[in-house]
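Peer 1: Before I ask anything, let me first share the structure, which is written out below as structure tokens.
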Amino acid sequence: LHYIAIVAQGDGGKDGKYRYRMPFKQIDSVLAMAKTRNALVFIDVQVALSNISAELPLFESYLKMPNVHFAMDPEFSMKTGAKPGTKIGTYDADDVNFTSNYLSKLVKENNLPPKILILHRFTKSMVTNYKNIKLHPEVQFVMDMDGWGEPELKKGTYRNHIYAEPVQFTGFKLFYKNDIKKAPNHMMTPTEVLALKPKPIYIQYQ
6 LHYIAIVAQG
16 DGGKDGKYRY
26 RMPFKQIDSV
36 LAMAKTRNAL
46 VFIDVQVALS
56 NISAELPLFE
66 SYLKMPNVHF
76 AMDPEFSMKT
86 GAKPGTKIGT
96 YDADDVNFTS
106 NYLSKLVKEN
116 NLPPKILILH
126 RFTKSMVTNY
136 KNIKLHPEVQ
146 FVMDMDGWGE
156 PELKKGTYRN
166 HIYAEPVQFT
176 GFKLFYKNDI
186 KKAPNHMMTP
196 TEVLALKPKP
206 IYIQYQ
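Take the sequence shown: its position 31, counting from 1, is numbered 36 in this note's numbering, and each next residue is one higher.
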């Protein structure tokens, strides 16, 4: 189960950061659902005009749980100060390394199984200096193709921005509504997705 725990928004809010922190009780309800299926939970954040070092520690108590993992969305990381949704945001390798180091430390200190770290991407500029991303044995890193549209467009995005700039593992997102907005588009089948090179190990339906 994937839950966006910090949501970018058009209103600046009291602190002018253009993000809304969802109530922890919502995360608790997702965890309760996951427990009935022995499922993994991914906490996803859209930091907007905040930053990952300020937002990630808020979820430490959850990330100490063995089935809870983390996802970063560069689309809504607005380093230029632009409003979320007016342009595509970005993360640098330094942001990813901060997160990976944080998760690695949690794993070692709490004797946890490896954490999965998801980084969404559908343009080159969403992730800068990818070669500087450092891997840890305690963290399994997935670069996730997050774009929507027709199958050939999605395949091209995967080829140009995921395959072309490898880090560790790859992922692919499918959208129930957006992938079929334009006829005669169809949502890619499991067979089509698993035929991609490299084969994605993480597949998300949204």
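Even for Gly, the Cβ is constructed at its ideal location relative to N, Cα and C.
1) Do the CB positions of G21 and L61 come within less than 8 angstroms of each other?
2) Going by the CB atoms, is the gap between G176 and M148 shorter than 8 angstroms?
3) Ends of the alpha helix (DSSP H) at R42?
4) Looking at C-alpha atoms only, which residue of P79, Q173, F180 is the closest neighbour of E146?
5) Quick one: complete alpha helix (DSSP H) runs, 4+ long, within the stretch 69-120?
6) What's the C-alpha gap between W153 and K30?
7) Could you compute how far the alpha carbon of F180 sits from the alpha carbon of F47?
8) For T133, I'd like the list of residues in its chain whose CB is within less than 8 angstroms of its CB, leaving aside the five on either flank, ordered along the chain.
9) Output the distance between the C-alpha atoms of P118 and A37, rounded to the nearest integer angstrom.
10) Span of the beta strand (DSSP E) holding L179?
11) Out of curiosity, what's the CA-to-CA distance linking T162 and S58?
12) Are the stretch 116-131 and the stretch 66-80 touching by the rule of at least three beta carbon pairs closer than 8 angstroms?
13) Please say whether Y23 and P89 have beta carbons closer to each other than 8 angstroms?
14) Thinking L108 and L68 are a contact (beta carbons under 8 angstroms), I'd like their distance in whole angstroms, please.
15) Quick one: is L122 buried, meaning 16 or more other Cβ sit within 10 Å of its Cβ, or exposed?
16) Suppose you measure from the CA of A10 to the CA of E114; what does that come to, to the nearest Å?
17) How far does the alpha helix (DSSP H) with A59 in it extend, from its first residue to its last?
18) Which value, in whole angstroms, describes the spacing of the CA atoms of K187 and L140?
Peer 2: On the basis of the coordinates in this document:
1) The count along the sequence shown starts at 1 and reaches residue 21 at position 16. The count along the sequence shown starts at 1 and reaches residue 61 at position 56. Contact flag unset, no.
2) For the purposes of this step, residue 148 is taken as residue 143 along the sequence shown, with counting starting at 1. For the purposes of this step, residue 176 is taken as residue 171 along the sequence shown, with counting starting at 1. Against a cut-off of 8 angstroms, the Cβ pair of G176 and M148 comes out as a contact.
3) Counting from 1 along the sequence shown, the entry for residue 42 is found at position 37. Looking at the DSSP string, the run of the alpha helix (DSSP H) that includes R42 is 29-42.
4) As a first step, residue 146 must be located in the sequence shown, where it is residue number 141. First, the residue type needs correcting, since residue 146 is Phe and not Glu in the sequence shown. Selected option, being the one with the closest Cα: Q173.
5) 98-115
6) Reading the sequence shown from its first residue, position 148 is the one you call residue 153. Reading the sequence shown from its first residue, position 25 is the one you call residue 30. C-alpha separation (whole angstroms): 30 angstroms.
7) Working through the sequence shown from its first residue, we reach residue 180 at position 175. Working through the sequence shown from its first residue, we reach residue 47 at position 42. F180 and F47: Cα-Cα distance of roughly 17 angstroms.
8) Stepping through the sequence shown from its first residue, residue 133 is reached at position 128. Cβ within range, chain order: T95, Y96, D97, A98.
9) Start at 1 with the first residue of the sequence shown, and residue 118 comes out as number 113. Start at 1 with the first residue of the sequence shown, and residue 37 comes out as number 32. Spanning the two alpha carbons is a distance of roughly 20 angstroms.
10) Counting from 1 along the sequence shown, the entry for residue 179 is found at position 174. Note, L179: beta strand (DSSP E), 174-179.
11) For the purposes of this step, residue 162 is identified with residue 157 of the sequence shown, where counting begins at 1. For the purposes of this step, residue 58 is identified with residue 53 of the sequence shown, where counting begins at 1. Taking the straight line from one Cα to the other gives about 29 angstroms.
12) yes
13) Looking up residue 89 in the sequence shown gives position 84. Looking up residue 23 in the sequence shown gives position 18. A contact, by the Cβ cut-off of 8 angstroms.
14) In the sequence shown, counting from the first residue as 1, residue 108 sits at position 103. In the sequence shown, counting from the first residue as 1, residue 68 sits at position 63. Correct: roughly 7 angstroms between the Cβ atoms.
15) Against the sequence shown, residue 122 aligns to sequence position 117. L122 should be labelled buried.
16) To locate residue 10, count along the sequence shown from 1; it is residue 5. To locate residue 114, count along the sequence shown from 1; it is residue 109. Using only the alpha carbons, I get a separation of about 24 angstroms.
17) To locate residue 59, count along the sequence shown from 1; it is residue 54. Residues 57-60.
18) Here the question's residue 187 lines up with position 182 in the sequence shown. Here the question's residue 140 lines up with position 135 in the sequence shown. Going by the C-alpha atoms only, they are around 39 angstroms apart.
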